[in-house]
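Take a look at the structure set out below.
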Amino acid sequence: MTASASEHVTPLLDAYRKHPDRAAFDELVTPDGVRQQAAALAEAVEALGPAGLLVARAEVSRQVAADGISAADSAARRLPWLVDPLPVPLPGAEWSALEVALDQRARLLDLVLVDLYSERRLLRRGIIPPGVVLSHPDFARVATGCFGGRGRQLRLTATDLGRGPDGSWLAISDRTQAPAGAAYAMATRRIVAKALAGLHRDSDLARLRNYFLTVTGSLLAAAPSDTETPRVVIHSPGADSPYSFDQGFLATLLGFPLAEADDLVLSGGRVWLRAGDELEPIDVILRRVDDALADPLEYRSDSEVGLPGLVEATRRGTVTVANPVGSAILDNPALAPHLAAVCREVLGEELHLAAPQTWWAGDPTQAQHLLTHLQRLVIKPVARGREPVRYGWLLSSAERDQLAARIGSEPWAWCGQEPLELSTAPVVTSAGLEPRRFVLRTFGVATDDGYQFLPGGLGRVAGSTAEFTVSSGAGALAKDVWIPATAPRSASVIARPRLSVARPSVVTPRVAGTLMTIGRLAERAESTARLIKVADDLTEDFGSHAGSAGAEAVHALLRAVTGITGAVPRPEETNLAYLARVTGDANEPGGVHHSVRRLIAEAREVRDILSVDSWSVFNRLERTLSTDPLRGAGLQQQLADVLESLLAFSGIMAQSMVRDSSWGFLEAGGRLERAAHTVKLLRFALLSQAEDRLRPSAELAAEAVLRAGESIITHRRRAASGTGPATVTESVRQLLIHDHANPRSVANQVVSLSEALRLIGDDRLADQAAAVAAEVDAFAATGIDDGAEQLAVLSQALAGLAERIAVRHFSRQTTRRGVEATGLEAR
Amino acid sequence: MSPARRYRIHHVTRYSYDQQMEACYNRAVLRPRATAHQQVVSATVTLSPEPELVSEHLDYFGNHSLYLETRTAATELEVVAEHVVVVDRPRPVAADLNSWTVAQAVAWAREQADPLELVDFGLPSPLVEITGEVRRFAGTAFGPETALGDALTGLLATIGAELRYAQGSTSVKTTLSQLLELRQGVCQDFAHLAAGCLRSAGLPTRYVSGYLETIPAPGAVKLRGADATHAWVSVLTPQGWVDLDPTNDQFVGSAHIVTAWGRDFSDVSPLRGVVLTEAAESALHVAVDVESEVTD
């Protein structure tokens, strides 16, 4: 199985092979060569050399940042997803065998799940000791009797595999309640394929896309009724949850929207999606909210991410939840020792995939073994997430005694597992290749006749050579896992998606509000950047000539910056320092960086709707704004870069979004913001000049305002051809307020706003916007002297429209409160 | 032998808010279950305002569990349960249970009990932790060699002597450690402690929710917990399930009407819900009337 590497000079691999931390089984090298399936990779590694590998590593990090891929170890901390550029190739035959073993395991776990929540024959007959299940905190008694749906109940599975010293795979644990990571695997593949483009092109790999198509088909097929067009949502705990990237990207891969608690409603024992004033029935929920938080009526009443009545809707069969509430019981190491017997019993087969030998302390004999060998076992609580896993050999004797006492007092809650000496895989570091412990998470989805698996899955390696295990959140790196195209089972078993009739997309109040905010913030960042750029330019030209017309114009522009952003210049602060601060200080509300940060945060909420290209623009924006303009290329250049990125963002949005109500809300936000900004610009920069519009400073200020409003060229062209006023002071109101043809004018914004509202389907507000547009036209006929009053009225009208849009379309659900009544408490 | 009794139960629960509630989802375990000693003649649960959906199933423990969904805006939600139940439960005699020691009863349960019930009612549950304090408390009342009837009588007496009945000091989330610290509580706390002690000894024990008849006989002490929902325990013995009321230091006869049982209060909470409201103030009113007549 090893290819001879003797004819080549292989310094990197030779050094790696001799590394003291390399495990008995390594995924790349053998004691005297490289693994056959990794021959091309080994060649590529030597060809790249240490420098080339580091370039690939840098390229990978750059791409992770550009795609906005984040991993979070808590709601508060958002970390970049770490990827090693070197893939882990597996032989085709090995993967084919794993698929068979994983398919058996999934079919088995599915039958166990159904039995545990219906007849519990396996417990009654003692094939699984009742205590293994009934004492487990994740056994959901409230969910018993809910499973009578079509097809398999365990629709999605994930299993963490590790390879022992002899090269055989063992199941370390199963993730069954809300399996996460398949979309991370796809993201990782895309990045590695770019970083090692040549090798990737020359390797005929099994593609990942097919798996996601099967998931889509499988979920559609899971709909409880024979509806022609089942509606599927991904129930997400929100953008702050640790796996929000995975959820958002999964949504785009599957083509189903993300829905949070506020988007969903239980009515008449059914789940509905709030769609404006309407409710859309939901047939299938891909659940990414943990069991304990899924239904505040049945579980924790303080859950804000769950849906009261969800379990009842499942019981009534009006909705299929994948995976059903209660699935967490399968993620239970105490089941491991019994699966072989269960497999013989329910499938009549020998179990293919073994697990590290496990002892459950709930059984007195096994407890005895566990306590005797505490020092060399991995001690796992049966329920995930409540207690850390402990490694006997790392505990002090006092800690061991303490643990033994705990196990003695609650034996059913503990397991001991034989430690698994995991295989290693190489990771690119500045000190060359380093061996790290490797685990593989596989992903499966139920089809008509078994399970289909993501070819390979998501590989993870430990954060350092010192780590014995691979845990997420401890700096672990992702590994792309390569499977030959011929290895995965034929696609004939794919559940075909039902042909579904296209239907209009549904925008829930939460999403509508977020989209409008995104529209507003993108426009706010852009128009503020534009204004600061002109103000900075004017400062450069005239700032030093105190008392001159130029200085007065500078003053007018700075007044507009202050008025619009609310950022007040500090004493002793130079104009340049002030403008740089309003641009780059992310803590300055109303400033450019602040708006961009908020924009990115809002975008995370609707990751499933935005084009993936948005993220590289956001990444560029964040980088541009984090540099100090006073040291680097200067504020003008920084603002030019910011504007370029923001224009790219609006271009992406304009070119990627269908003109439906989603677009309508985004567009309404942009138009409202630009109109409001322009009105403010005129009010703050020009009004004080109204009494003396013929002074040279007024001329300069008006010209600057036209430049900030991107309309100076139009002015000049029209003045030159005699089709517009000759002076900027005459032009400025005409162009920036009244001219319908100017895409920067207030009139143009309000008309577009009216059209956007019509797209949303709100004719009443569209008519109101049209009425505002008519008022703007009427202002054109009036004299210049009451300009201030006109602008104030216009400003109010715009604010009024924004408020009415919010009231009519963004209403959140009422606060939920859990209540519990006993007769005793009341007395 | 206590004679069979026929009860008419009227149980009203009312939530009031200072602002409208938009919707309300409730789970009610209010309909009494039929048992070997209890016949349910009629049992109705009605809601006001009119619910959008009422749906009933038998839960994991075989109790009647109702899902009630109200989507009419209102400031008040009233749940009225009206039941007619005939109870004919001979009061267990402690001496009859003295044929076994506690250890023998435990051994019997390990051999003979339903293996699932043995675990469900034998292990700790969310509100019945079995801590060292609970074991010590049980140890003051009985040991493995104590005769079973004496052990049960002793446990009732110990709880009665050590705990004061006091409303308002505990809640539906009070743990046994907190209770043993406070040394006072209401019937569900007494029941949780009794269950903890019996389970710590290895005897499977259920938590039972229900009602208790008021005994207005002249000169008699009015039983605590009367005219309210009540809770007690049921322990598995070689003679079957034996019900004990630790709040009133007695074995249970025909004065107790069973609604439901589970591992602890959290399995059989009579009425829990999620209410959608911006209200800051809420009030809960519960009224229970139990009328009885002797039948033949």
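Those protein sequences? They're chains Z and X, same order as listed. Residue numbering for the first sequence follows our numbering, starting at 9 and increasing by one per position. Residue numbering for the second sequence follows our numbering, starting at 53 and increasing by one per position. Note that CB positions come from ideal geometry on N, CA and C, so glycine has one too. No experiment lies behind these values; they were computed from the predicted model shown.
Could you pull the start and end residues of the beta strand (DSSP E) that residue i belongs to?
{"i": "Ala-126/X", "result": "126-139"}
{"i": "Pro-344/X", "result": "Sequence check: residue 344/X is Ser here, not Pro. Here the beta strand (DSSP E) through Ser-344/X covers 334-346."}
{"i": "Gly-416/Z", "result": "Element bounds for Gly-416/Z: not the beta strand (DSSP E) but the alpha helix (DSSP H), 405-417."}
{"i": "Arg-468/Z", "result": "466-469"}
{"i": "Leu-204/Z", "result": "Here Leu-204/Z belongs to no beta strand (DSSP E), and DSSP marks it neither H nor E."}
{"i": "Pro-99/Z", "result": "Neither: Pro-99/Z is in no beta strand (DSSP E) and is coded neither H nor E."}
Suppose contacts are defined by Cβ-Cβ distances below 8 Å. Is residue i in contact with residue j by that definition?
{"i": "Ser-760/Z", "j": "Leu-743/Z", "result": "no"}
{"i": "Leu-90/Z", "j": "Ser-78/Z", "result": "no"}
{"i": "His-243/Z", "j": "Leu-294/Z", "result": "yes"}
{"i": "Ala-486/Z", "j": "Leu-466/Z", "result": "yes"}
{"i": "Leu-651/Z", "j": "Ala-537/Z", "result": "yes"}
{"i": "His-360/Z", "j": "Ala-166/Z", "result": "no"}
{"i": "Val-604/Z", "j": "Thr-591/Z", "result": "no"}
{"i": "Leu-169/Z", "j": "Val-447/Z", "result": "yes"}
{"i": "Asp-299/Z", "j": "Asp-146/Z", "result": "yes"}
{"i": "Arg-5/Z", "j": "Val-478/Z", "result": "Nothing can be reported for residue 5/Z: it is not among the residues displayed for chain Z, which extend from 9 to 835."}
{"i": "Gly-277/Z", "j": "Glu-312/Z", "result": "no"}
{"i": "Tyr-263/X", "j": "Arg-315/X", "result": "no"}
{"i": "Asp-291/Z", "j": "Val-333/Z", "result": "no"}
{"i": "Gly-237/X", "j": "Ser-221/X", "result": "yes"}
Check for me: the alpha helix (DSSP H) holding residue i runs from which residue to which?
{"i": "Asp-299/Z", "result": "299-302"}
{"i": "Glu-738/Z", "result": "736-741"}
{"i": "Pro-19/Z", "result": "19-25"}
{"i": "Val-240/Z", "result": "No alpha helix (DSSP H) holds Val-240/Z; the beta strand (DSSP E) holding it covers 240-243."}
{"i": "Gly-139/Z", "result": "138-142"}
{"i": "Arg-188/X", "result": "184-193"}
{"i": "Gln-156/X", "result": "154-164"}
{"i": "Asp-202/X", "result": "200-214"}
Helix, strand or coil for residue i, going by three-state DSSP, please let me know.
{"i": "Pro-345/Z", "result": "helix"}
{"i": "Gln-697/Z", "result": "Residue placement at Gln-697/Z cannot be trusted, given a pLDDT of 47 that sits under 50; the coordinates are not used to answer."}
{"i": "Met-73/X", "result": "strand"}
{"i": "Pro-88/Z", "result": "strand"}
{"i": "Glu-312/Z", "result": "coil"}
{"i": "Arg-835/Z", "result": "Note that Arg-835/Z scores 25 on pLDDT, short of 50, meaning its location in the model is unreliable and no value can be drawn from it."}
{"i": "Leu-8/Z", "result": "Limits of chain Z in this structure are 9 at one end and 835 at the other, which puts residue 8/Z out of reach."}
{"i": "Gly-237/X", "result": "strand"}
{"i": "Ala-836/Z", "result": "No answer is possible for residue 836/Z: the residues shown for chain Z start at 9 and end at 835."}
{"i": "Ala-510/Z", "result": "Note that Ala-510/Z scores a pLDDT of 48, beneath 50, so its modelled location is shaky; the value from the coordinates is reported in the next line. Ala-510/Z: coil per DSSP, three-state reduction."}
{"i": "Phe-626/Z", "result": "helix"}
Just grab the DSSP bridge partners of residue i for me.
{"i": "Gln-460/Z", "result": "Val-453/Z"}
{"i": "Val-600/Z", "result": "Per DSSP, none; premise fails for Val-600/Z."}
{"i": "Gln-90/X", "result": "Thr-87/X, Val-139/X"}
{"i": "Arg-528/Z", "result": "Answer by DSSP bridge pairing: none, since Arg-528/Z is not bridged."}
{"i": "Ser-181/Z", "result": "Asp-168/Z"}
{"i": "Ser-479/Z", "result": "Ser-479/Z pairs with nothing; no bridge assigned."}
{"i": "His-308/X", "result": "Leu-264/X"}
{"i": "Glu-442/Z", "result": "Val-435/Z"}
On the criterion of 16 or more Cβ atoms from any shown chain inside 10 Å, does residue i qualify as buried, or is it exposed?
{"i": "His-602/Z", "result": "buried"}
{"i": "Ala-229/Z", "result": "buried"}
{"i": "Val-390/Z", "result": "buried"}
{"i": "Asp-420/Z", "result": "In the sequence under discussion, the amino acid at residue 420/Z is Trp, which differs from the Asp named in the question. It is buried - the Cβ of Trp-420/Z has at least 16 other Cβ atoms within 10 Å."}
{"i": "Val-346/X", "result": "exposed"}
{"i": "Tyr-24/Z", "result": "buried"}
{"i": "Pro-236/Z", "result": "Correcting the residue type first, residue 236/Z is Glu in the shown sequence and not Pro. Exposed, since its Cβ has fewer than 16 Cβ neighbours within 10 Å."}
{"i": "Lys-225/X", "result": "exposed"}
{"i": "Val-509/Z", "result": "For Val-509/Z, the predicted model reports a pLDDT of 48, less than 50, meaning its position is unreliable; a value from the coordinates is still stated below. When all chains shown are included, Val-509/Z counts as exposed."}
{"i": "Asp-241/X", "result": "buried"}
{"i": "Ala-344/Z", "result": "buried"}
Which chain C residues sit within Cβ distance under 7 Å of residue i?
{"i": "Gly-212/X", "result": "Of the protein chains in the structure, Z and X, none is chain C."}
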